[in-house]
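> In terms of this note's numbering, the sequence shown opens at residue 2 and continues consecutively. Here a beta-carbon is modelled for each residue, glycine too, at the ideal position from N, C-alpha and C. Structure below; questions to follow.
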Amino acid sequence: MKNDRSAVASTIAALVRDAAPVVPLDPPSARVSRWALSSAAFAVLAVVFLGTRHDVASQLGRPWFAARATVTLATAIAAATAAVRLSVPGLARPLRIGAMPWALCLGWGASLAGGLVSIGSPLRLLLSASPHVSCVVCIAAIGLVPGVWLVRTLRQAEPLDVRWTGGCAGLASAASGALATQFVCSSDAPAHHLLWHFAPVVLLALAPLALAPGLFAPQGRRQRDEMKTPPWP
Numbered sequence: 002m003k004n005d006r007s008a009v010a011s012t013i014a015a016l017v018r019d020a021a022p023v024v025p026l027d028p029p030s031a032r033v034s035r036w037a038l039s040s041a042a043f044a045v046l047a048v049v050f051l052g053t054r055h056d057v058a059s060q061l062g063r064p065w066f067a068a069r070a071t072v073t074l075a076t077a078i079a080a081a082t083a084a085v086r087l088s089v090p091g092l093a094r095p096l097r098i099g100a101m102p103w104a105l106c107l108g109w110g111a112s113l114a115g116g117l118v119s120i121g122s123p124l125r126l127l128l129s130a131s132p133h134v135s136c137v138v139c140i141a142a143i144g145l146v147p148g149v150w151l152v153r154t155l156r157q158a159e160p161l162d163v164r165w166t167g168g169c170a171g172l173a174s175a176a177s178g179a180l181a182t183q184f185v186c187s188s189d190a191p192a193h194h195l196l197w198h199f200a201p202v203v204l205l206a207l208a209p210l211a212l213a214p215g216l217f218a219p220q221g222r223r224q225r226d227e228m229k230t231p232p233w234p
């Protein structure tokens, strides 16, 4: 009994000694705004570095191009907002707020599928679409920096709904990369965008679901795990 009390006392003393000061976080709206501005600045720099498509000026006024850009931007902002709000315990219900960005993402895919149907045979168009791995690389590369920035911000809040938060964070970063890639890629074919823009965004967004428990593990649990790990191999 005495040993148990001493062990508890030493554990409490270690936790108090290693405790970091609590830093109040900014409101969710302020954090989302900073993420959006920093992501937009990085996307502009990336597009300038990679080079915009030759007809970007004329494409800005076309409904099809503007609609794709709008729904992609809305998906990115909604996903970032959902991730930040979900990182605050008790602020929002995961199913209610987390479903909105995924609904926008599905709407984006449905619009591309509708474009395929309006042109002709969807299956034939998908099978005849040329592979463009460069678009996937561009989406992943441009979305990486906003994704790392967002995950770092979310880790400070130590979210409880880690899978919802991780999925929304992945969707926000991938959608921001797809938005920038639209200004670089010269193809407007619905089959191309469905296979090499939309599908990679979904896959990149689902990837953080498997990594979410490790990425957003509470700091207290990480400290306890470190204390349980012996310093020698």
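From the DSSP output, in three-state form, read off A142 for me.
Helix at A142.
> Whose C-alpha, out of A208, S39, G116 and G148, is nearest the C-alpha of H194?
For H194, the nearest C-alpha among the options comes from G116.
> Would you grab the beta carbon distance between A142 and G171 for me? Rounded to a whole angstrom, and I think it's under 8 Å.
Incorrect: roughly 15 Å between the Cβ atoms, too far for contact.
> I believe T73 touches A179 by the beta-carbon criterion, under 8 Å. Please report the beta-carbon distance rounded to the nearest angstrom.
The pair is a contact, with the Cβ atoms about 5 Å apart (cut-off 8 Å).
> Would you tell me roughly how many angstroms separate the C-alpha atoms of T76 and H133, rounded to the nearest one?
Cα-Cα distance, rounded: 23 Å.
> Count the other C-beta atoms from every protein chain shown that fall within 10 angstroms of the C-beta of F217, then say buried if there are 16 or more, exposed otherwise.
By the neighbour-count rule (16 or more Cβ atoms within 10 Å), F217 is buried.
> Taking the alpha helix (DSSP H) that G178 belongs to, which residues open and close that run?
Residues V163 to Q183.
> Could you tell me if R32 is buried or exposed, where buried requires 16 or more neighbouring beta carbons within 10 angstroms of its beta carbon?
The residue is buried, with at least 16 neighbouring Cβ atoms inside 10 Å.
> Quick check on the burial criterion: 16 or more other C-beta atoms within 10 angstroms. Buried or exposed for M228?
Low local confidence applies: a pLDDT of 40 at M228 is under 50, so the model's placement there is unreliable, and no value is given.
> Any Cβ of chain B within less than 7 Å of the Cβ of F217?
Structure shown: chain B not included; a single protein chain is present.
> Considering P123, what are the terminal residues of the alpha helix (DSSP H) in which it resides?
Note, P123: alpha helix (DSSP H), P123 to S129.
> If you draw a straight line from the alpha carbon of G108 to that of A158, how long is it in whole angstroms?
So the two alpha carbons sit approximately 30 Å from each other.
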